[in-house]
Every structure is written in C-alpha cells, then in structure tokens.
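Here the numbering used here is used: the first residue of the sequence shown is 29, the next is one more, and so on. In what follows, a single structure is set out as structure tokens and then discussed.
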Amino acid sequence: TPPLFEVIHPMTTSAQELITLQRKFNETAQFQQKILESKHLKPEHLDIIPLIEGTGTLLKSRKILEKYVDFMTKMNGKRPRMIRPFIARSDPALDGGYIAAVLSAKAALSEYFHFQKDTGIKVKPIIGAGSLRFRGGLSPQTIDEFITTYPGVATVTLQSSFRYDHPLDEVKKAVAKLNRRLGNVDPVLLTVKEMQQIARLDAIFVKYYRKTIEGLEGFINQMARFIPPRRERMQHTGHFGYSRQVGKAGLNLPRAITFTAIFYSLGLPPELIGTGRGLRASRQAGLLGPLEKLYPELRDAILGVGRYFNRENLEILSRRFPLFKFVKTGVQYIESYLGEKMGPREPEDFIHRNYTSNVLQNWLRERSPEEDIVKSAQIRRSLG
29 TPPLFEVIHP MTTSAQELIT LQRKFNETAQ FQQKILESKH LKPEHLDIIP
79 LIEGTGTLLK SRKILEKYVD FMTKMNGKRP RMIRPFIARS DPALDGGYIA
129 AVLSAKAALS EYFHFQKDTG IKVKPIIGAG SLRFRGGLSP QTIDEFITTY
179 PGVATVTLQS SFRYDHPLDE VKKAVAKLNR RLGNVDPVLL TVKEMQQIAR
229 LDAIFVKYYR KTIEGLEGFI NQMARFIPPR RERMQHTGHF GYSRQVGKAG
279 LNLPRAITFT AIFYSLGLPP ELIGTGRGLR ASRQAGLLGP LEKLYPELRD
329 AILGVGRYFN RENLEILSRR FPLFKFVKTG VQYIESYLGE KMGPREPEDF
379 IHRNYTSNVL QNWLRERSPE EDIVKSAQIR RSLG
C-alpha cells in the first residue's frame, strides 16, 4: 500500500477545487517517475474525499460529484469505483443554524444516493459529528436517533467527548453498535419537490439564525475567553466563524466547539436560536408539514435539547441585550409548537441549570465563570 493514497479536501465548494488538487498530484507523480527513472511508481492519482461544510454547498453537492467524475473519467479513461463524500455538521450549524444543518445533511445524503443510482458509482458517505445535537448529535446514547436522522451514512468520525466523557464499557458497546448499523440502513431518496422545499426552508431558518448571531458578536467573543481550550488548531479564513464575511462585514466568531459551549454554558442551547421564528415562518409559508415529513425526529430532538434550557438566564440576558429578546420570542414559538414548556426534567438537568445560572451571575459580577462552565460540561458530557 502506498503511503499516501487518500486525502480529505476541506471546505470544498466546487468540483474545480478537487480537479486542481488531482492535477497537481498527477503532475507531481509524473515528475517523481521521471526523476527516479521508474514508470511503475504508484499511485498516479489520489482518492479525494470532498469535505463539504456549508448548507448551500451541501444542497448542490451532487453537481460537484458529477463534474469531478467527468474529469476523472477523461484523465484516467475510467470512472472511479467509489466516492466517499464527507458531510460536515458542525460548521454548517455554526454558519446557518441547527435546522438548516440537519436538512442540508439529509439532502446531501439523498443527492449522493441519487448519484449512485444514476451512475453506478458507489458512494460511502461520511458524517463528522459532535455529541451535542447542534454539532451532529452523536453520542453513545443517541446512536439510534442519529442513524434514523441520517439514513445511508456509512462512516462517522467520533470526537473526543464520545470517547472520553462516558464509561469505557459504554463506549465500547456504542462503537460495536455503530459498526453493526452503519451502512446497513437504506437511504431516503428525496424528490425534486422535496429538495425545493428544503431549499426554501434553508433560506428561512438561515435568515433568522444569522440575524441573531450577527448582532451578538461582541457578547459571544466576550464569553469565548472563558471557554477552556481543548484543541490546538490553525485558524482558516473564509467561513462564518473563521473570519469569514457573512451578512455583516468583518464578522468574527470562535470555532464551533467554543461557540456551542458558550450557549450551553448559559443554559441557552444554540439549537434554539432562530428555530422558533423559523418554525413560525415555515407555518406561514405552508412548509411546516413538509418540514415535519422531512425531519420527523424534530419534535423529540427539540425536547431533548430543551432539558438544558435555563429560562431565568434568558430573562436576564433579554433585559441587557436587545437581540436576546428575539431568542425569547423564538422560545415562545417553539413551546407553542411543542405544546409544552422546555426546561430541566431529570435531577442532572436541574444541577446543570444551577451551574449555568452560576456562569451568568459570575460573568455579570466580572468574575471568571470557568469553573462552572467545566462543571456544566461534565453534566452534559460534552464541552461544546
């Protein structure tokens, strides 16, 4: 096996990016053969895994595969036998909100299997997911929900909270279950009409989410310095949250883990941001029924998230920051949709609420809330 045969191309937005990478590698391989005077050195091309990270790009990702396959067929005289498209879940949520990220991932899975059906080229989709629902919702306790939400996924990446914030035996059983079930659930192929509905829903939910987040940039960055770092990673540019310009010029937010941790540490799960007003607008547009059909797990997912909601904190923040009033209104719409109030249910949920109250009170008193941030993360078994 050659030392390098497969690479992940991050932040893929077009087939041309994959084509350029493939050309450069092929040129390098030919140069190596010439220098070493050997025509048998392998490989001459790479298996490229396109990692697609934006909701809009995910919706058009089938076209990316089609154009890339056309190029590979011309270059090699034969088509690839398999493609492993990689669906991001964290960054689409950071960029466009929770509902848009879920819908775009579902749409991408459908598009990949339509591509497989039309071309005969196998697809083995990958999803990168964190433990909290905002970033994918894959934990040892949520495997069935995850696979039901994303049917057809063949591979998942397990992040640190899955491995280290649960008992070892529980993690081993969860990994064994994933190995049994991944790739064994039939994909759901969406119709053209359903894809059009997803595009309309995406526009609705992204709009309300971004309006709120853009106005809270200063608050978010103030809180970010209290979130304990868990990774050393290079920043990249061009994304909402990675110094990308989206909506308001110059918007600069922390990475997805820190962003998610900020809102959970305050008892305001980011899944709720933009969701209530999006549900209301969807109902007005006649899209609530299609949304529930496309995402039948929606109600249970929101109720699961709602366990970590701290109503008192939202009241306090909405008095200090006008944009939190929109979050408060959105929560009212969500609870109207659910027909019940959100909030703690189990004993651990109430302990979590107490820690999140401490976080806000310490911050308001200009004291470090980091200790309670960590304690709340231990309760929910994930920082962000």
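The C-beta atom is built at its ideal place from N, Cα and C for all residues, glycine as well.
Pull up the DSSP beta-bridge partners for Ala252, would you. Position 224 of the sequence shown, counted from the start, is the residue given in the question as residue 252. None, per the DSSP bridge assignment.
Roughly how many angstroms lie between the CA atoms of Lys150 and Arg51, to the nearest whole one? Residue numbering aside, residue 150 sits at position 122 when the sequence shown is read from its first letter. Residue numbering aside, residue 51 sits at position 23 when the sequence shown is read from its first letter. Cα to Cα, the separation comes out at about 23 Å.
Considering only the alpha carbon of each residue, which of Arg228, Glu399, Thr41, Leu32 lies closest to Thr56? For this step, residue 56 is matched to residue 28 along the sequence shown. The shortest Cα separation from Thr56 among Arg228, Glu399, Thr41, Leu32 belongs to Leu32.
Mapping the DSSP letters down to three states, classify Ile149 as helix, strand or coil. The residue labelled residue 149 in the question sits at position 121 within the sequence shown. If DSSP states are grouped into helix, strand and coil, Ile149 belongs with coil.
Do you know how far the Cα of Glu72 is from the Cα of Asn414? Lying outside 29 to 412, the shown extent of the chain, residue 414 is not represented and no answer is given.
Three-way DSSP call (helix, strand, coil) for His497 in this model: Lying before the first or after the last residue shown, residue 497 is absent from the chain, which here runs from 29 to 412.
Taking Tyr383 as the reference, give the member of Ile401, Ser396, Glu374, Ile92 with the closest Cα. Numbered from 1 along the sequence shown, position 355 holds the residue referred to as residue 383. Per the Cα distances, Ile401.
Do the region 162-174 and the region 108-126 make contact, defined as three or more Cβ pairs closer than 8 Å? yes
Please state if the CB of Phe337 and the CB of Pro375 are separated by a distance shorter than 8 Å. On the sequence shown, position 347 is the one that residue 375 refers to. On the sequence shown, position 309 is the one that residue 337 refers to. No. Outside cutoff.
With DSSP run on the structure shown, which of helix, strand or coil describes Ile232? For the purposes of this step, residue 232 is taken as residue 204 along the sequence shown, with counting starting at 1. In the structure shown, Ile232 sits in a helix (DSSP, three-state: H, G or I).
Continuous beta strand (DSSP E) stretch holding Val359: start and end: The residue you call residue 359 lines up with position 331 of the sequence shown. Taken as a continuous stretch (DSSP letters only), Val359 belongs to no beta strand (DSSP E), being part of the alpha helix (DSSP H) at 352-366.
Return the bridge partner residues of Val35 from the DSSP annotation. Within the sequence shown, the letter at position 7 stands for residue 35. Ile76, per the DSSP bridge assignment.
Endpoints, the beta strand (DSSP E) within which Leu186 is located: Position 158 of the sequence shown, counted from the start, is the residue given in the question as residue 186. Counting along the chain, the beta strand (DSSP E) containing Leu186 begins and ends at 183-186.
For Gly125, does the three-state DSSP call read helix, strand or coil? Taking the first residue of the sequence shown as 1, we reach residue 125 at position 97. Looking at Gly125 - three-state DSSP - the assignment turns out to be coil, as it is neither helix nor strand.
Starting from the Cα of Ala204, find the closest Cα among Pro195, Leu218, Pro168 and give me that residue. The sequence position of residue 204 within the sequence shown is 176, counting from 1. Checking every option, the nearest Cα to that of Ala204 belongs to Pro168.
Among Lys102, Pro108, Phe114, Gly158, nearest to Tyr126 - alpha-carbon criterion: Position 98 of the sequence shown, counting from 1, holds the residue named residue 126. Checked all of Lys102, Pro108, Phe114, Gly158; the closest Cα to Tyr126 is Gly158.
Which one of Ala227, Asn341, Phe190, Gln187 has the shortest CA to CA distance from Val387? As a working mapping, residue 387 is identified with position 359 in the sequence shown. Checking every option, the nearest Cα to that of Val387 belongs to Asn341.
Taking the runs of the alpha helix (DSSP H) that are 4 residues or longer, which of them lie wholly in the region 298-346? 303-312, 316-322, 326-334
Report the CB separation of Leu160 from Ser410 in whole angstroms; it is logged as a contact under 8 Å. Here residue 160 corresponds to residue number 132 of the sequence shown, with the count starting at 1. Here residue 410 corresponds to residue number 382 of the sequence shown, with the count starting at 1. So it is a contact: roughly 5 Å between Cβ atoms.
Give a yes or no on contact between the region 212-223 and the region 243-257, applying the rule of three or more CB pairs nearer than 8 Å. no
Classify Met100: buried if its beta carbon has 16 or more other beta carbons within 10 angstroms, exposed otherwise. In the sequence shown, residue 100 corresponds to position 72, counting from 1. The residue is buried, with at least 16 neighbouring Cβ atoms inside 10 Å.
What would DSSP say about Gln406, mapped onto helix, strand or coil? Position 378 of the sequence shown, counted from the first residue, corresponds to residue 406. In this structure, Gln406 counts as helix in the three-state DSSP scheme.
For Gly84, the three-state DSSP class (helix, strand or coil): Counted from its first residue, the sequence shown places residue 84 at position 56. In the structure shown, Gly84 sits in a helix (DSSP, three-state: H, G or I).
Grab the span of the beta strand (DSSP E) containing Phe162 for me, first residue to last. Against the sequence shown, residue 162 aligns to sequence position 134. Phe162 -> no beta strand (DSSP E), and no H or E assigned at all.
Distance check for Ile241 and Pro324, CA to CA, integer angstroms please. Reading the sequence shown from its first residue, position 296 is the one you call residue 324. Reading the sequence shown from its first residue, position 213 is the one you call residue 241. Each residue's alpha carbon lies about 27 Å from the other.
Can the beta-carbon of Leu315 be found less than 8 Å from the beta-carbon of Arg228? The residue labelled residue 315 in the question sits at position 287 within the sequence shown. The residue labelled residue 228 in the question sits at position 200 within the sequence shown. Contact: yes.
To the nearest angstrom, how far is it from the Cα of Leu46 to the Cα of Gly317? In the sequence shown, the residue the question calls residue 46 occupies position 18. In the sequence shown, the residue the question calls residue 317 occupies position 289. Those two C-alpha atoms are separated by around 38 Å.
If we count the other Cβ atoms within 10 Å of its Cβ and call it buried at 16 or more, is Ser310 buried or exposed? On the sequence shown, residue 310 is found 282 positions in, with the first residue counted as 1. So Ser310 ends up on the buried side.
Just tell me which of Arg348, Lys235, Ala116, Gln44 has its CA closest to the CA of Leu392. For the purposes of this step, residue 392 is taken as the residue at position 364 of the sequence shown. Nearest option by C-alpha distance: Arg348.
Identify the continuous alpha helix (DSSP H) that holds Phe349 and give its terminal residues. Numbered from its first residue, the sequence shown carries residue 349 at position 321. Run containing Phe349: none; DSSP gives neither H nor E here.
Assign Pro78 to one of two classes, buried (16 or more other C-beta atoms within 10 Å of its C-beta) or exposed (fewer than that). Taking the first residue of the sequence shown as position 1, residue 78 is located at position 50. When all chains shown are included, Pro78 counts as buried.
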